[in-house]
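This report refers to the structure that appears directly beneath it.
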Amino acid sequence: MQITSTFSLNVEYLAECFLICFLSQGDSGGGLAVLGSTGQWSLLGVLSYGTDCKELRRGKLPQVQICWRGRLRVSTNECGVWWGDGQRFTGRGARRYDTRTTIFSPEGRLYQVEYAMEAISHAGTCLGILASDGILIAAEKRNVHKLLDDEVLTEKIYRLADNIACTVAGITADANILINHLRFWAADYKYSYGEHIPVEQLVQMLCNEKQRYTQVGGKRPFGVSLLYMGWDQHFGYQLYQSDPSGNYTGWKATCIGNNHQAAVSLLKQEYKSPDLAEAKKLAMKVLSKTLDVKLSAEKIEMATLTRRNDKTVVENLSSAEVSQLIKEHEEKEKEQEAQQLV
Numbered sequence: 001m002q003i004t005s006t007f008s009l010n011v012e013y014l015a016e017c018f019l020i021c022f023l024s025q026g027d028s029g030g031g032l033a034v035l036g037s038t039g040q041w042s043l044l045g046v047l048s049y050g051t052d053c054k055e056l057r058r059g060k061l062p063q064v065q066i067c068w069r070g071r072l073r074v075s076t077n078e079c080g081v082w083w084g085d086g087q088r089f090t091g092r093g094a095r096r097y098d099t100r101t102t103i104f105s106p107e108g109r110l111y112q113v114e115y116a117m118e119a120i121s122h123a124g125t126c127l128g129i130l131a132s133d134g135i136l137i138a139a140e141k142r143n144v145h146k147l148l149d150d151e152v153l154t155e156k157i158y159r160l161a162d163n164i165a166c167t168v169a170g171i172t173a174d175a176n177i178l179i180n181h182l183r184f185w186a187a188d189y190k191y192s193y194g195e196h197i198p199v200e201q202l203v204q205m206l207c208n209e210k211q212r213y214t215q216v217g218g219k220r221p222f223g224v225s226l227l228y229m230g231w232d233q234h235f236g237y238q239l240y241q242s243d244p245s246g247n248y249t250g251w252k253a254t255c256i257g258n259n260h261q262a263a264v265s266l267l268k269q270e271y272k273s274p275d276l277a278e279a280k281k282l283a284m285k286v287l288s289k290t291l292d293v294k295l296s297a298e299k300i301e302m303a304t305l306t307r308r309n310d311k312t313v314v315e316n317l318s319s320a321e322v323s324q325l326i327k328e329h330e331e332k333e334k335e336q337e338a339q340q341l342v
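The sequence shown runs 1 to 342 under full-length UniProt numbering.
Laid out in structure tokens, this is it:
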């Protein structure tokens, strides 16, 4: 019997079919067959548990030996199908290492944490730029609708304390929980010690909480990544990023969310220790290159953190200011295009 790897089937249909075509008892060796549009059963391979080749042991199908060399792997206990080098072929079912956040795969990976990071990569773009005289953060607002109440749950930039603010990318409901934690810890520190909490200490406290959710059974990681900007007497202006695993890093300029890799690459080329005015222009340039929509004041939220009269000031840019920045950027782009045509 000739076995071919060229077939085209509905993925969900395939997931249903192989469940009823498991013809052997045990972890491996059962036939994997599908019912085609002609009403004929076709043998695709055998159920394999981590090996390249398995022999079909029992069942009505011919006794054949098939070697897929890792191209088609089926988890018999948890109904997962993979096609290619370890890539999941069907959205139904999961590998045995997917069901718990506390279980490492043989490659040393925590898949639930990786999935949380993947959710963030599809969220609205957020970027931060550390300037010589302050910090700028900008965020894409995706829930733009003419019937949406602008005063309710539309903010993407949150003030945590008088000296710290942040923006988030990911699941909004998860972000609200973490923002409440951050505000409580900042207020508790101020009440206990009579001064503002150091920026890195607050970031580390939240990362400890997020890391705990990767070690405790029955919980899932928070699907949120945060950018923090702040100032304290220890390290001055600071820009941090944290992810669902509990890691945090300090940056001069970075981006999270959709198209973050392209944005970070552009920031590497363009960042030259700017002041705030230059940082705003750089932010507009990066957003214009990476956003999937046209720039508009309704879709972008920006804020700055500066020091004035020995006080830390966090200011949100108005729609008029954002519109002016967009206008200046578009005019500059037109000038550059005109020069290239000459």
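Glycine included, each C-beta is placed from N, C-alpha and C at the ideal position. Since the structure is predicted, the reported quantities are computational estimates derived from the model, not experimental observations.
Proximity below 8 angstroms, CB of residue i to CB of residue j
i           : j    : result
residue 344 : L282 : The structure shown does not extend to residue 344, since the chain spans only 1 to 342, so no value can be given for it.
A297        : V322 : yes
Q204        : Y158 : no
A161        : V224 : no
L325        : K268 : no
A263        : L130 : no
G246        : C207 : yes
A124        : L276 : Contrary to the premise, residue 124 reads as Gly rather than Ala in this sequence. For G124 and L276, no; Cβs fall outside 8 angstroms.
Q261        : E200 : no
L266        : K294 : no
M229        : A165 : yes
Other residues of its chain near residue i: CB distance less than 6 angstroms, five sequence neighbours each side excluded
i    : result
G250 : Y240
T167 : C126, I137, A139, K156, I157, L227
R183 : L160
I197 : A186, Y189
N316 : A303
G86  : Caution applies to G86, whose pLDDT of 38 falls short of 50 and renders its modelled position unreliable; the value that the coordinates give is listed next. Counting only Cβ-Cβ distances below 6 angstroms, and skipping sequence neighbours, we find nothing.
L148 : none
C211 : It should be noted that the sequence gives Gln, not Cys, for residue 211. The residues are G246.
I179 : Y158
E118 : none
E278 : none
F7   : Residue placement at F7 is poorly supported in this model, since its pLDDT is 34, which falls under 50; the coordinates still yield a value, given next. Same-chain partners within the cutoff: there are none.
Q339 : none
Same chain, Cβ closer than 8 angstroms to residue i, neighbours up to 5 away in sequence not counted
i    : result
R220 : T101, Q112, A116, Y213
I120 : A169, G170, G223, V224, S225, D243, P244, I256, G257
I177 : F222
E270 : L282, K285, V286
K327 : none
K334 : none
Sheet register partners of residue i (DSSP bridge)
i           : result
G170        : V224
L136        : I129, T304
residue 348 : Residue numbering for the chain in the displayed model covers 1 to 342; residue 348 lies beyond these limits and cannot be assessed.
Y240        : Y228, G250
Residues of its chain near residue i, where Cβ-Cβ distance is below 7 angstroms and the 5 sequence neighbours each way are ignored
i    : result
T312 : D162, N163, W231, L305
L110 : T101, F104, T214
R142 : G124
H122 : N258
E209 : H181
K332 : none
N309 : none
L291 : T125, E140
K146 : none
V314 : R159, A165, A303, L305
is_contact[residue i, chain C] using C-beta, thresh 8 angstroms
i    : result
A123 : Going by chain labels, chain C is absent from the structure shown, which holds only one protein chain.
Supposed close pair residue i, residue j - CB separation, criterion 8 angstroms
i    : j    : result
H329 : M284 : 4 angstroms
S132 : S318 : Between S318 and S132 the Cβ distance is about 24 angstroms, and since that is not below 8 angstroms, they are no contact.
Alpha helix (DSSP H) runs contained entirely in the stretch 243-320, provided each spans 4 or more residues: Listed in chain order, the complete alpha helix (DSSP H) runs (minimum 4 residues) inside the stretch 243-320 are 260-270, 276-290.
3-residue-minimum beta strand (DSSP E) runs that sit fully inside the stretch 173-238, ordered along the chain: 224-232
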